[in-house]
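So the sequence shown is numbered by this note's numbering: it starts at 2 and just counts up by one.
Just below is one structure, and these are the notes that go with it.
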Amino acid sequence: MEAVVQAVSTSSTPTDQPGTDQVRVLVLQESGKPSSTSYARLLTPFPELRSFTVCYRIRLNRFREESTLMSYAVSNDKDNELRMDHQVASFKVSLHSKWTQTNLQTPLRSWAHFCFTYSYLTSGWNIFMDGELRAHGTLPLIPSPLLGNGAYVIGQEQDSFGGGFQRDQSYSGEITQLNFWSTALSNLTIKRISHCEANVEGLALGWSKQEWQLEGEVYSLIRPVKDFCKTSNSRHFTFFPNRFTLHQALHHCKVLGGILAVPQTEEENSLVFQSSRSQAEFCSGNVGASYLWLGANDHETEQQWVYWGSGEPIPQEGTWRGTGPNGGIVENCLVMLYGTFPGQWSDIACLNTYAFCVSCEFENQSVIHLKGLAVCEESPFNLHYFLGEEKGGLPSFSGFFHSNIEWNVTKGAWVLHSLKEEDAMAWWIPPRSGMYPFGTNLWTLGSEICDLHPGEHVNLTFSICGTDKYTCDDGSCINIEQRCDLKVDCPDKSDEAKCSVVSIPQDYRNDIPPPPPSHDEHLPIYVSIGISSFPSIATEDLTFVTALELKLRWMDTRLNYLNLKGDRTLNVLSQESQLEIWTPRVYFSNARGNVFSNLDQGSRIECIMEGTSVVGGPHLSEEMNIFSGSENSLEMGQLYSVCTMLFTLVSASSTYMNLIPLTANYTGRMKLIEYAIGHVSIASLNNQDFSTVAVKVRFARRYGFYLLTLYSPTTLLICIAYATLYFNPDDFNSRIVVCLTSLLVLSSLYTQRSIHMLYYKVTRKSIDKINSAYLRDHHLKTNVNVIKIDVSSCQRREKVSETQNGNWMNNKTEHPESSTDIQKPEVVRHLPVYGRAFRRQNWSENQDVNMALMKKSRIMIPIIFFIFNCIYWGTAIKYVKTIEADSGDV
């Protein structure tokens, strides 16, 4: 039973006395609207206190910026003699203007018991909540007691004696059993009072003996003691008079932080039925007695009813229609009935064509968060809400401080409005009836809020998702780490949409570099080089082509980054974002042509068709062939090959920003055809107008390559040519062919090398060190000359033959009268044989061949070849040692 007497103007507490199991309750600012004119002032004289205990029960409806529950003043300059503030994240007590502060949080919309004890001798204090010691400490020594006969006010903070009220320091809620004792009560006594085991009134100032002056939105009512002495069970139910399918009903309760209700006792079953019976006919759709979904099913085992989602058995079944469930395996869902079966249960088929109303069950009060551009620091709209009373025919949402979200029947919209600033409002018109403002929706502003103009549309998110959760567009919650991870986790797939990694301010300019860490420092830009291969190395002109990866790292304090992951591949900026931000521009200084770094140049994404397609279904407005992502892949490729190893930052001069070398690595094959890759290093170059970084790579020659491709073939050719000195001297054809062939092959190699060396001499005149190309060139040139010596022996033989032939012709002229038959043997005898070798018994008597030159060549050529190789290989070894010594600087 409740007796309510409301005081709109000045009045005192009513004369109606509560019964044995009842208690009087003061209700302040029930509407939630903050006011400086609503309060209750104690008319009973306040006693003088030294050591004391004060206990009370409160039900806080709304927070205020300071939420002052009570204040006691004895004069204008002593207005904080006793003050208690129940703020969002703390509970503070002031005694003689000395503050005790704790992190104790006062629950909203539920009864809580508080006690504060103070010892005058020790200045020690204790704070109890629901009978448990929650905080304690010591105040500075206070020599004077708490004086009596002052102004004691509930609901306002006094800035002057009995006045100076401010609405942000007011109290919205209920209070009862406010008692003062002139001693510090024991912990056990406080615990018994909290648990309603002892009905003890304050000896210094008892609740039942107090008289109050009520002002403004304050009234007194009588409540049963059991209302605030209940057990710790906080389960409660909220009825939603909208028709939902089963899937919609389960989703609706889930986004509110509850589950589809299943009453566990007859009392709860009656409560759920009584709260919904007035809407039962509408909820049923006028097609039967079923009108309310209940959150249990027996899909797995017939007549074994379990909760949806958890699969846990329900603790108790309600009253069934008839003899119990009768649908067998066909009817596996649960509903509540009305009409001739009031509040009774029945099984029903789990068809999506059925639509009934919903009652959601909550173990604890859900906190719903409002997020968006219209909720700035100075916004009149609150950040947090909870389910409130029915307004406009639907449950409303009450803010923690002074704003509400209510259904406006006239507008057909959900309206967000402030109780503190009456003109501040916004609304959202749902696209279809029965929708609640959960998830992310486009709201229309009705006034200027957070620098947004009236009529502007802004996205606001309304959900129970906390700081470590992400709100899907339909109001569901997923872990924030699942946002933009290339896996669909939201039921509406919204977690993989609008996956921007960077937040760019509106006044951002990408033509201006980011500021350095401090005013007198340069902006550091760290560079790392990863070399993967050397596709081409040209020794003769000292150039190469390398495939490398250039990494630049810098900080831009103007930017914010969103939803970054441990896996860096998920933190890639889109092409649009890359074009909108500033990026350093690096010039490849010693590259052929003007080569600059360009993040998107050459990159592309391709889809590789690997599977077959299917024809799109009728739900698509356009006919198309659809390739499944499970059978087809995407490929992004980028070829980055440059002929450079100097990198110059040209975004700004070195007086403003610097390239900081980090690492240079080579990840390709270490042994190439002609070279082996040695040490790779990276370093800055000084005395430059622009910051420059040089990457040095040591190319160690693979000498086995030259032995196989140059020295061995040339030595073999010389040996072949030298062997002709031991051929049959009369076999001129064989000797000259072998020598000339060796000379031609060796000359062609020398000619090719000479062309490259000519280019080298023209383009590399500044190089004065011995180069291996010179060594190889001299080796070829010398070998060509050696073979020429061998060929010259053949040329000398031809001169002798010509002389002899001349003598033979002269002899023939001197004896013209000789007969032909007599002269033929003479001709055959003196004419050299050019086909098959002519056999002689004594080679030294052969006048057609310069045997002396041949014998000298057999001796001189090996000597020349030996001397040349000694000089050549000595010089080569000295050159190798030189470059190995120089490599220490690489």
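Ideal Cβ positions, reconstructed from N, Cα and C, are used throughout, including at glycine.
Residue i versus residue j - alpha carbon distance
i	j	result
V89	Q317	38 Å
S271	Q280	15 Å
E158	P492	49 Å
A722	V739	6 Å
L222	V26	5 Å
E457	L446	6 Å
W100	L140	8 Å
G340	H252	28 Å
A185	L96	15 Å
F129	H196	12 Å
F684	I678	The sequence shown places Ala at residue 684, not Phe. If I take the Cα positions, the gap works out to 18 Å.
T118	K79	21 Å
S604	L560	For S604, the pLDDT reaches just 46, beneath the cut-off of 50, and the residue's location in the model is therefore unreliable, leaving the point undetermined.
C377	V336	44 Å
I369	S277	24 Å
G20	S209	11 Å
N77	L134	34 Å
L686	T715	44 Å
G875	I865	15 Å
Beta-carbon contacts of residue i that lie in its chain and below 8 Å, excluding the five residues immediately before and after
i	result
T190	A199 and V201
P944	This structure cannot speak to residue 944, because the chain is shown only from 2 to 891.
N327	D348
D22	P225, V226 and K227
P619	Any reading at P619 is ruled out, since the residue's pLDDT is 36, under 50, leaving its predicted position unreliable.
W309	L251, I260, L261, G296, A297 and N298
L338	A290, S291, Y292, R322, G344, Q345, W346 and S347
Cβ shell of residue i (< 7 Å), same chain only, five flanking positions each side left out
i	result
I790	S858 and I862
G373	V459, N460, L461 and T462
A356	R244, F245, T246 and G286
C473	G440, I479, C491, P492, D493, S495 and D496
T107	L61, H87, F92 and A113
L741	V792
L453	L374, A375, L446 and V459
G207	N180
Residue environment, residue i, which counts as buried when at least 16 other CB atoms sit within 10 Å
i	result
P396	buried
E632	Low confidence applies here, because E632 scores a pLDDT of 47, under 50, leaving its location unreliable and the question unanswered by this model.
V698	buried
I1	Lying before the first or after the last residue shown, residue 1 is absent from the chain, which here runs from 2 to 891.
G630	Confidence is the limiting factor: at G630 the pLDDT is only 42, short of 50, which leaves the residue's position unreliable and the question unanswerable from this model.
M671	exposed
H87	buried
G325	exposed
I719	buried
A41	buried
I406	buried
Y727	exposed
For residue i: DSSP bridge partner residues
i	result
V28	E175 and Y220
M1	With the chain represented from 2 up to 891, any question about residue 1 goes unanswered, as that position is not in the structure.
S434	According to DSSP, which records beta bridges pairwise, S434 is partnered with nothing at all.
S419	S404
N442	L461
V698	V681
F53	Y119
Q23	P225
L43	W213
M861	None; M861 has no bridge partner.
Same chain, Cβ closer than 6 Å to residue i, neighbours up to 5 away in sequence not counted
i	result
N383	G400, F401, F402 and S404
A205	P48, F181, W182 and S183
L109	L61
Proximity test, Cβ basis, 8 Å: residue i and chain B
i	result
L335	Here there is only one protein chain, and chain B is not present.
### Message
Extract the residue ranges of the beta strand (DSSP E) inside the segment 342-410, only unbroken runs of 3 or more that lie entirely within it.
### Response
346-349, 357-363, 369-373, 385-392, 395-400 and 404-409
#### Entry: Minimum length 3: unbroken beta strand (DSSP E) runs contained in the segment 62-106
69-74, 83-87, 92-96 and 99-103
### Query
Which ranges does the beta strand (DSSP E) cover as unbroken runs of at least 3 residues, wholly within the segment 106-182, from first to last along the chain?
112-119, 125-130, 133-139, 152-155 and 173-182
#### Entry: Segments of 4+ residues assigned as alpha helix (DSSP H) that fall wholly inside the segment 213-287
247-256, 267-277 and 281-285
### Query
Taking only runs of the beta strand (DSSP E) that begin and end inside the segment 444-481, which ones reach a length of at least 3 residues, in chain order?
458-464, 470-472 and 478-480
### Task
Go through the segment 278-339 residue by residue and report every complete run of the beta strand (DSSP E) that reaches 3 residues or more, in order.
291-298 and 334-338
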